[in-house]
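Accompanying notes for the structure given below.
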Amino acid sequence: GQHRASPTMNLPFKHLDIWFKVCVQQMPRHSGLALLPALMVNASPPDANWKHGHYDAAIFTIDGTEQWPTSGLKGHIVVEVHLIMLPVSSPGRTLLWAAHFLTYIQCLNIVPQQHGMVLECTTQMHVLKRATCAGAMPFGDILPLDQLRSFTHIIPRFGPVADTCLMPQNSSKFAQSFFLNKYIDKDFYHTIS
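Note that the working numbering gives residue 122 to position 121 of the sequence shown, counting from 1, and the numbers run on in steps of one.
Encoded structure:
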């Protein structure tokens, strides 16, 4: 579960190295003969083109007993990756997690559908909702980068009328509900179907 440190607690490092993207490459689900093309997971802070930042969705494992892709989403979570970082040890001191990249992520929960179904009946896709803490703040967490299993694609879920303010650069920031796009490629489709 979540643990909070005292606001006055000192961290065992003073500096972070920051990365804005990472490549993910996987083996095909049904034939392990060749690697699939590499996909980029962006975690870019706000800039002139992306006022709210450019954060891609990804699948992370949270249960070491479940294996991606054979277990599908069981034991995994869907997240937006907001920061990729490496704590830098002070001179003469080695941190326990030296050379272990970390990520700051914001969670997207899978929303159960009517009659206990997992998939939305029209699109046959999972519905995701931004996880929030008290006060409607997004729920974030720190996860090791080596728990990243797959790039994924999310689509904003509109109601009867789409918000005219939404654009590619801000839809991830302002939309609260998404579809997990299983149609992005056949390996991903078979993994989560």
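Even glycine gets a Cβ: it sits at the ideal position worked out from N, Cα and C.
Counted within 10 angstroms of its Cβ, other Cβ atoms place residue i as buried (16 or more) or exposed
i, result
"G54", "buried"
"C108", "buried"
"Y56", "buried"
"A39", "exposed"
"M10", "exposed"
"V162", "exposed"
"M138", "exposed"
"P88", "buried"
Beta-carbon proximity check, residue i vs residue j, cutoff 8 Å
i, j, result
"L96", "I19", "no"
"L149", "F61", "yes"
"V80", "A44", "no"
"M126", "L167", "no"
Residues that residue i bridges to, as DSSP identifies them
i, result
"Y105", "L84 and I143"
"F159", "Answer by DSSP bridge pairing: none, since F159 is not bridged."
"N43", "K22"
Three-state secondary structure (DSSP) of residue i
i, result
"S173", "helix"
"F21", "coil"
"Y56", "strand"
"A6", "coil"
"T133", "strand"
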